[in-house]
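Q: If you scroll down you'll find the structure; I have some questions about it.
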Amino acid sequence: MENDLKTYTLPQLGHLIDGLGQRRFLATYLFQFIHQKDAVALADVSPLPKDFRRTLAEAGYVISAIALAEQHDDPDGTVKFVFELADGCRIETVLLQDGDRRTLCLSTQAGCRMGCLFCATARIKFERNLTAAEIVDQVYHARRLFGTIHNLVYMGMGEPLDNLDNVMRSVELLHSPSGANIGIRHITLSTCGLIEPIRQLAEQSLHPRLAVSLHAPDDATRGKLMRIGKKFPLAELVESLKFYQEHTSRRITIEY
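Residues 1416 to 1671, numbered by our numbering, are exactly what the sequence shown covers, in order.
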């Protein structure tokens, strides 16, 4: 949504505010209230002049919010959230707790196109990609209920690299020191092995950790388990991972 202020990075907000004839430093207030203080309406952003808030509202700008539809708590401390999006789609997010450390497993799509045999999401009809705002809002809901989120893993519903632009926008928002300020080494993207997006990820300005779902050591077995294995042989996947490692100097996790 182009009018959703939750999707704007801090530089983008600065450019927007410049264009509306306001002082650029107001962008920092707006960004902080959205990404640190969980503002869900322009009226919540008290440092902005009322006239300017009215100008933004009249221009159609909003601060979106997903809705918590269900919460399931397990005795081991694991919590599953079911969120409902504005169009009625539902997604799941899982909080894992290890002592005082909290890891959140994020969804990036409503449904999934990859069709992996062992994955429950593969049996759900693919609806659409999530926006960056819908991705980060999963973090903000969990943070409000349970406190600081220390680690993020993009391995919930959907294939993160099939929604690369919105995923990387969400990473930038969550990593920003003016926002949630989550260290880039505490953010992991998990992929079933999309070759070209792995190469594109290597050329981004931010490099989160990369995890690859392998699940089989040979093309024949992998192709039976994962539809993507029929399209991209393991040799091509390995070359893309070498490319990523050479360009980022980051270790890659192999999931089996």
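Using N, Cα and C, we set each Cβ at its ideal position, and we do this for glycine too.
Would you kindly work out how many angstroms separate the C-alpha atoms of Ala1548 and Met1583, rounded to a whole number?
A: Here the question's residue 1548 lines up with position 133 in the sequence shown. Here the question's residue 1583 lines up with position 168 in the sequence shown. Approximately 12 Å, taken between the alpha carbons.
Q: Go ahead and pull the three-state DSSP assignment for Asp1502.
A: Within the sequence shown, the letter at position 87 stands for residue 1502. The answer is coil: DSSP assigns Asp1502 none of H, G, I, E or B.
Q: Could you give the first and the last residue of the continuous beta strand (DSSP E) run that contains His1565?
A: As a working mapping, residue 1565 is identified with position 150 in the sequence shown. Counting along the chain, His1565 falls outside any beta strand (DSSP E), and DSSP gives it neither H nor E.
Q: Would you tell me roughly how many angstroms separate the C-alpha atoms of Leu1579 and Leu1616, rounded to the nearest one?
A: As a position in the sequence shown, residue 1579 is number 164, starting the count at 1. As a position in the sequence shown, residue 1616 is number 201, starting the count at 1. Cα to Cα, Leu1579 sits roughly 8 Å from Leu1616.
Q: Under 8 Å, with one C-beta from each stretch per pair, do the region 1614 to 1629 and the region 1660 to 1667 reach the 3-pair mark?
A: In short, these stretches touch, since the Cβ pair count reaches three.
Q: Taking the Cβ atom as the reference point for each residue, do Glu1507 and Met1572 lie within a distance shorter than 7 Å?
A: Here residue 1507 refers to the residue found at position 92 when the sequence shown is read from its first residue. Here residue 1572 refers to the residue found at position 157 when the sequence shown is read from its first residue. It is a contact, given that the beta carbons lie within the stated cut-off.
Q: Measure the CB-CB distance between Cys1504 and Ala1482 and report whether it falls below 7 Å.
A: Against the sequence shown, residue 1504 aligns to sequence position 89. Against the sequence shown, residue 1482 aligns to sequence position 67. No, the pair does not count as a contact, with Cβ atoms beyond the cut-off.
Q: Is the separation between the beta-carbon of Phe1467 and that of Gln1437 shorter than 7 Å?
A: Residue mapping note: residue 1467 aligns to position 52 of the sequence shown, counting from 1. Residue mapping note: residue 1437 aligns to position 22 of the sequence shown, counting from 1. A contact, by the Cβ cut-off of 7 Å.
Q: I'd like to know whether the C-beta atoms of His1706 and Asn1566 end up nearer to each other than 7 Å.
A: Only positions 1416 to 1671 of the chain appear in the structure, and residue 1706 is not among them; the question remains open.
Q: Given a threshold of 16 other Cβ atoms within 10 Å of its Cβ, counted over all protein chains shown, does Ser1585 qualify as buried or as exposed?
A: By 1-based counting over the sequence shown, the position of residue 1585 is 170. It is buried - the Cβ of Ser1585 has at least 16 other Cβ atoms within 10 Å.
Q: How about Leu1521: is its Cβ closer than 6 Å to a heavy atom in the ligand MG?
A: The ligand MG is not among the ligands present in this structure, which contains no ligands whatsoever.
Q: Determine which residues share a DSSP beta bridge with Glu1507 and list them.
A: Against the sequence shown, residue 1507 aligns to sequence position 92. Answer by DSSP bridge pairing, in chain order: Val1497.
Q: Hey, quick one: how far does the beta strand (DSSP E) through Ile1669 stretch, first residue to last?
A: The residue given as residue 1669 occupies position 254 in the sequence shown. Where Ile1669 is concerned, the enclosing beta strand (DSSP E) stretches over Ile1667 to Glu1670.
Q: Does DSSP put Ala1557 in a helix, in a strand, or in coil?
A: For the purposes of this step, residue 1557 is identified with residue 142 of the sequence shown, where counting begins at 1. The answer is helix: DSSP assigns Ala1557 an H, G or I state.
Q: Mapping DSSP to helix, strand and coil, what is Leu1609?
A: Here residue 1609 corresponds to residue number 194 of the sequence shown, with the count starting at 1. Note: Leu1609 maps to coil in three-state DSSP.
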